[in-house]
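Written below as structure tokens is the structure these notes are about.
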Amino acid sequence: MNRKLNFLDLFSGAGGLSEGFIRAGFEPVAHVESDQAACFTLRTRMAYHWLKAHGRTALYEDYLNGDISRPEFYELVPEQVVGSVINAEIGADTLPDIFRQVDALVGNRALDLIVGGPPCQAYSIVGRSRDRNRMKGDKRNYLYIYYAEFLKRYKPSYFVFENVTGLLSARDEDGSLYFTAMRDLFLECGYETEYMTLSAEDYGVLQSRKRIILVGRRGTATGFYPEPDKWNPGVKVREVFRDLPAIGAGEGSTGPCRVRTYRGTWQIEAGVRNEELPVTWHQSRPNNEQDLEIYRIVVDLWNREKTRLDYNALPDRLKTHRHRDSFLDRFKVVASDLPFSHTVVAHIAKDGHYYIHPDMKQNRSITPREAARLQTFPDDYYFESGNGVPGRTPAFRQIGNAVPVLLARKIAEKLKEVWL
148 MNRKLNFLDL FSGAGGLSEG FIRAGFEPVA HVESDQAACF TLRTRMAYHW
198 LKAHGRTALY EDYLNGDISR PEFYELVPEQ VVGSVINAEI GADTLPDIFR
248 QVDALVGNRA LDLIVGGPPC QAYSIVGRSR DRNRMKGDKR NYLYIYYAEF
298 LKRYKPSYFV FENVTGLLSA RDEDGSLYFT AMRDLFLECG YETEYMTLSA
348 EDYGVLQSRK RIILVGRRGT ATGFYPEPDK WNPGVKVREV FRDLPAIGAG
398 EGSTGPCRVR TYRGTWQIEA GVRNEELPVT WHQSRPNNEQ DLEIYRIVVD
448 LWNREKTRLD YNALPDRLKT HRHRDSFLDR FKVVASDLPF SHTVVAHIAK
498 DGHYYIHPDM KQNRSITPRE AARLQTFPDD YYFESGNGVP GRTPAFRQIG
548 NAVPVLLARK IAEKLKEVWL
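Right under this line is the structure:
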């Protein structure tokens with residue numbers, strides 16, 4: 148096949164899945180996402196890819212340096228580049244208009260692939276444990292029905308559906324499994340499906356992150372699952388931190404920062420490091436003195452004993468949370484001497500207590516850039532806000548909800564190999 152395989156990304160988020168497929172040689176036709184900030188992130192990224200393809204990344208650097216505004220930056224690329232990102236919540240009322248916009252972007256081409264997965268909160272085990280009704284009746288449980296509508300309309304050769312492992316056990320009000328209903332519906336649409344639980348750390352991501360990757364193929368063939376090739380880089384989590392400047396709590400910048408010379412290999416091989424463009428979003432949260440004291444205790448305990456802090460072991464004067472019988476590991480260091488970190492989740496947008504930097508001298512939680520590296524986003528990936536003013540909270544939320552780019556790339560590369 149001479150042409151690039153193209154794809155539509157549904158429930159795109161900040162574009163981790165999409166970026167992986169682009170890096171494997173696929174061409175995005177459109178993205179559909181409900182979060183405004185994530186849509187601006189996607190538009191900026193699509194503009195970057197267009198400029199890169201035309202040898203004009205210096206203009207992207209101008210934008211990162213603050214020399215031009217976001218509207219001015221978007222005017223530097225064809226309208227359909229930023230227009231390929233559709234800011235809409237997928238539902239019965241919005242589907243006709245979304246179809247109209249996607250139809251215009253697809254044009255006369257065949258759509259090869261659909262990727263994406265609905266928001267995971269409704270299926271997640273943590274989400275159900277926090278909701279006494281186990282999130283039954285949550286409309287997000289049924290977003291897969293609209294996913295099927297896209298399959299019926301565009302009839303791609305394949306689709307890749309990503310979600311949390313809790314999807315395998317989540318049940319509807321009648322006790323039936325959502326996952327079974329989902330696969331049955333996809334079969335009615337003409338797609339055989341196969342799935343695996345993939346662990347990101349098996350594929351070079353320095354983070355423990357398990358996800359269900361369901362792949363559908365149009366027709367009746369079986370045995371087509373594109374299981375990615377595993378990669379053990381043989382390094383520790385310190386690779387994420389080693390070249391970034393040391394900063395304290397409340398320090399750093401959302402704009403470009405000067406990094407040290409990197410003498411390792413993981414950042415390059417994982418697609419994280421880009422020597423040509425500046426590193427952004429290395430800005431830490433401010434913290435009060437009580438939190439910083441706890442951070443020192445957490446890091447010291449790990450350094451001395453390789454032990455995680457039990458919240459109830461803190462001195463009484465430092466225990467301010469009323470609930471002391473759950474989430475006792477709420478303060479946790481991202482240990483630099485382990486082969487992978489614990490999972491980066493969207494809760495990082497609320498506070499950084501679960502993601503404390505391992506260097507006691509810096510005594511802070513990790514920055515958006517450090518979290519993005521744990522998710523294998525390239526250093527030139529810029530996370531936008533809705534109003535154009537850089538915001539840590541939307542950046543962290545987008546990063547925590549994303550699919551690791553490297554895992555997505557591995558899946559995409561293998562899918563190209565088995566493509567029929």
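Heads up, the sequence shown is in my numbering, so the first residue is 148 and it goes up one at a time.
Ideal placement from N, C-alpha and C gives every residue a C-beta, glycine not left out.
Just so we're clear, the structure is a prediction, and the values are computed from it rather than from any experiment.
Is the CB-CB distance between residue i and residue j below 7 Å?
i: A417; j: T523; result: yes
i: F326; j: L314; result: yes
i: V229; j: Y221; result: yes
i: S316; j: V384; result: no
i: S431; j: R520; result: no
i: E174; j: K151; result: yes
i: R424; j: E208; result: Just to set this straight, residue 424 is Leu in the shown sequence, not Arg. Yes.
i: Y502; j: L475; result: no
i: N548; j: A493; result: yes
i: R556; j: A171; result: yes
i: V90; j: M507; result: Since the first residue shown for the chain is 148 and the last is 567, residue 90 is missing from the structure and cannot be characterised.
i: V352; j: L553; result: yes
i: V480; j: I513; result: no
i: S304; j: D259; result: yes
Specify the secondary structure class of residue i as computed by DSSP and reduced to three states.
i: G366; result: strand
i: E341; result: strand
i: W413; result: helix
i: C186; result: helix
i: R275; result: Reliability fails at R275, whose pLDDT of 43 lies under 50, so the model's placement of it is uncertain and no value is given.
i: N450; result: helix
i: G167; result: helix
i: G399; result: strand
i: H196; result: helix
i: T215; result: Reading off the sequence, residue 215 comes out as Ile, not Thr. Reduced to three states, the DSSP call for I215 is coil.
i: H494; result: helix
i: D240; result: coil
i: F388; result: coil
i: E423; result: coil
i: Q509; result: coil
i: V232; result: strand
i: A177; result: strand
i: L461; result: coil
i: I245; result: helix
i: R330; result: helix
i: L439; result: helix
i: Y325; result: helix
i: Y221; result: helix
i: Y207; result: helix
Give the DSSP bridge partners of residue i, in chain order.
i: D259; result: None; D259 has no bridge partner.
i: W378; result: Y350
i: N310; result: I359
i: I503; result: V480, S512
i: C404; result: V426
i: R318; result: L324
i: S488; result: Q354
What residue does the beta strand (DSSP E) around residue i start on, and which one ends it?
i: L157; result: 153 to 157
Which first and last residues belong to the alpha helix (DSSP H) in which residue i is found?
i: I558; result: 552 to 565
i: P515; result: 515 to 521
i: G547; result: 539 to 547
i: L298; result: 290 to 301
Indicate whether the contact test is met: 3 or more Cβ pairs, each with one atom in the stretch 249 to 268 and one in the stretch 294 to 302, closer than 8 Å.
yes
On the three-pair Cβ rule with 8 Å, is the stretch 390 to 408 touching the stretch 368 to 380?
no
Touching or not, the stretch 530 to 547 and the stretch 188 to 202, by the rule of three or more beta carbon pairs under 8 Å?
yes
Given 8 Å, three or more beta-carbon pairs between the stretch 152 to 159 and the stretch 168 to 186
yes
Is the stretch 447 to 455 in contact with the stretch 536 to 548, if contact means three or more CB pairs nearer than 8 Å?
no
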